[in-house]
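Undergrad: Structure in structure tokens, see below.
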Amino acid sequence: GGGGGEPVVMATVGLDSAPYLEHLASLDISTRCVRVVESSFTAQCFITTDAGSNQITAFHPGAMSFSHENKVADAGAVKFAIVAPDGRDGMLQHAEQAAALSIPLIFDPGQGMPMFDGNDLRHFIDLATYVAVNDYEAELLTARTGLSLAQIAERVSALIVTRGELGAEIYHDGGKIDIPVVPASTIADPTGCGDAFRAGMLYGLTEGFDWPTTGRLASLMGAIKIESQGPQNHAPSKAEIEDRFQQVFGYRFG
Numbered sequence: 410g411g412g413g414g415e416p417v418v419m420a421t422v423g424l425d426s427a428p429y430l431e432h433l434a435s436l437d438i439s440t441r442c443v444r445v446v447e448s449s450f451t452a453q454c455f456i457t458t459d460a461g462s463n464q465i466t467a468f469h470p471g472a473m474s475f476s477h478e479n480k481v482a483d484a485g486a487v488k489f490a491i492v493a494p495d496g497r498d499g500m501l502q503h504a505e506q507a508a509a510l511s512i513p514l515i516f517d518p519g520q521g522m523p524m525f526d527g528n529d530l531r532h533f534i535d536l537a538t539y540v541a542v543n544d545y546e547a548e549l550l551t552a553r554t555g556l557s558l559a560q561i562a563e564r565v566s567a568l569i570v571t572r573g574e575l576g577a578e579i580y581h582d583g584g585k586i587d588i589p590v591v592p593a594s595t596i597a598d599p600t601g602c603g604d605a606f607r608a609g610m611l612y613g614l615t616e617g618f619d620w621p622t623t624g625r626l627a628s629l630m631g632a633i634k635i636e637s638q639g640p641q642n643h644a645p646s647k648a649e650i651e652d653r654f655q656q657v658f659g660y661r662f663g
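Residue 419 in this note's numbering is what sits at position 10 of the sequence shown, and the numbering runs on without skipping anything.
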């Protein structure tokens, strides 16, 4: 959206993808690494949310199952790579390819976590520069790997754990940085808040901000998102983001 940066989306989509590809093009987001699988439909996800922000998800992977056909090297020179929920083989291969190319990697298992056993997850952690999970995923990750959060943090440059209305924690350099939650004007829809948080995090990393600032920007992006219905219907300008950041935290990040 309005944050800036130069994202390159790597994904596989289906024969029904034209409207969304047009939408990405209208936002000047590169689709050169998006492969259309004509024999399949784009992945579909139906999320039911209750008043307490608890969610039940129904999911059909469709074209996502072909994600391993994309190669990280096809993207050319990139500053950071994020491996988020995708086809199982694609996630494993893309993490290995990014590491082999010395591209700093964020492992963001999300709802893909159940596809992997403890050995897989330890392998991802060893390949990753950063690990980003929510509190529920953090519990799964520690249970499956047998590693504590502190032990995971020792293996990466930073471990980021989001905790909903409690903000976030960033484990870095042997310490823990507490990131406050940003008050939202209204709680419209939590769907996509984790993704918005990661967008702020990616922007902070690519701009070279320190972790306290990067975490605060990520927290702000999550709050902006929760005020809008739907995961991608919010469109704040960069100036609006900068001004609200200053209002909340008392300094400018730009």
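Each residue gets a CB set at the ideal place from its N, CA and C atoms; glycine is no exception. In this text the structure is predicted, and so the values were computed from the model without any measurement.
Between the alpha carbons of Ile395 and Thr421, how many angstroms are there, rounded?
TA: Within the shown structure, residues of the chain are numbered from 410 to 663, placing residue 395 beyond reach of any answer.
Undergrad: Give me the DSSP bridge partner(s) of Asn543.
TA: For Asn543, which the question treats as bridged, DSSP gives the partners Thr571.
Undergrad: Can you give the beta carbon distance from Ala482 to Leu436, rounded, assuming they're within the 8 angstroms contact cut?
TA: Between Leu436 and Ala482 the Cβ distance is about 25 angstroms, and since that is not below 8 angstroms, they are no contact.
Undergrad: Please name the residue, chosen from Val591, Ala627, Phe618, that lies closest to Ala608 on a Cα-to-Cα basis.
TA: Looking at the Cα atoms, Ala627 is the closest of the given residues.
Undergrad: The beta strand (DSSP E) with Arg441 in it runs from where to where?
TA: Taken as a continuous stretch (DSSP letters only), the beta strand (DSSP E) holding Arg441 covers 439–445.
Undergrad: Would you kindly report the start and end of the unbroken alpha helix (DSSP H) that includes Leu614?
TA: First-last of the alpha helix (DSSP H) with Leu614: 602–616.
Undergrad: Ignore the nearest five residues each way along the sequence and tell me which others in Arg572's own chain have a CB closer than 8 angstroms to its CB.
TA: Counting only Cβ-Cβ distances below 8 angstroms, and skipping sequence neighbours, we find Asn543, Asp544, Glu578.
Undergrad: On the premise that Arg625 lies in contact with Ile588, defined as a C-beta separation below 8 angstroms, what is that separation, rounded to the nearest angstrom?
TA: Right, the Cβ-Cβ distance comes to about 6 angstroms (below 8 angstroms), so this counts as a contact.
Undergrad: Whole angstroms is fine: what's the gap from Val540's alpha carbon to Leu611's?
TA: Cα to Cα, the separation comes out at about 12 angstroms.
Undergrad: Beta-carbon separation of Ala632 and Pro599 under 8 angstroms?
TA: Contact: no.
Undergrad: Output needed for Gly499: all residues of its chain with C-beta closer than 6 angstroms, excluding positions within five of it in sequence on either side, in chain order.
TA: Within the same chain, Gly499 has close Cβ partners Ser476, His477.
Undergrad: Taking Cβ to Cβ, would you say Ser448 is nearer than 8 angstroms to Val418?
TA: Going by C-beta atoms, Ser448 is not nearer than 8 angstroms to Val418.
Undergrad: CA-CA distance, Phe489 and Lys480?
TA: Phe489 and Lys480: Cα-Cα distance of roughly 15 angstroms.
Undergrad: Give the DSSP-derived three-state secondary structure of Ile512 in the structure shown.
TA: It is coil, neither helix nor strand.
Undergrad: Whole angstroms is fine: what's the gap from Ala648's alpha carbon to Arg661's?
TA: Ala648 and Arg661: Cα-Cα distance of roughly 11 angstroms.
Undergrad: Can you tell me which of the three DSSP states Thr538 falls into?
TA: Three-state result, Thr538: coil.
Undergrad: Using the Cα positions of Ala537 and Val590, report the straight-line distance between them to the nearest angstrom.
TA: Those two C-alpha atoms are separated by around 26 angstroms.
Undergrad: Mind checking which residues open and close the beta strand (DSSP E) that includes Val591?
TA: No beta strand (DSSP E) holds Val591; DSSP gives it neither H nor E.
Undergrad: Out of Glu548, Gln502, Ser557, Leu549, point me to the one whose CA is closest to Phe533's CA.
TA: Among Glu548, Gln502, Ser557, Leu549, the Cα nearest to that of Phe533 belongs to Gln502.
Undergrad: Hey, Thr623 and Leu614 are a contact pair by Cβ (cut 8 angstroms); roughly how many whole angstroms apart?
TA: Yes, Thr623 and Leu614 are in contact; Cβ-Cβ is about 6 angstroms, under 8 angstroms.
Undergrad: For Gln520, does the three-state DSSP call read helix, strand or coil?
TA: Residue state, collapsed to three classes: helix.
Undergrad: With distance defined between alpha-carbon atoms, name the residue in Ile596, Ala559, Arg564, Cys602 nearest to Ile586.
TA: The residue with the shortest Cα to Cα distance from Ile586 is Ala559.
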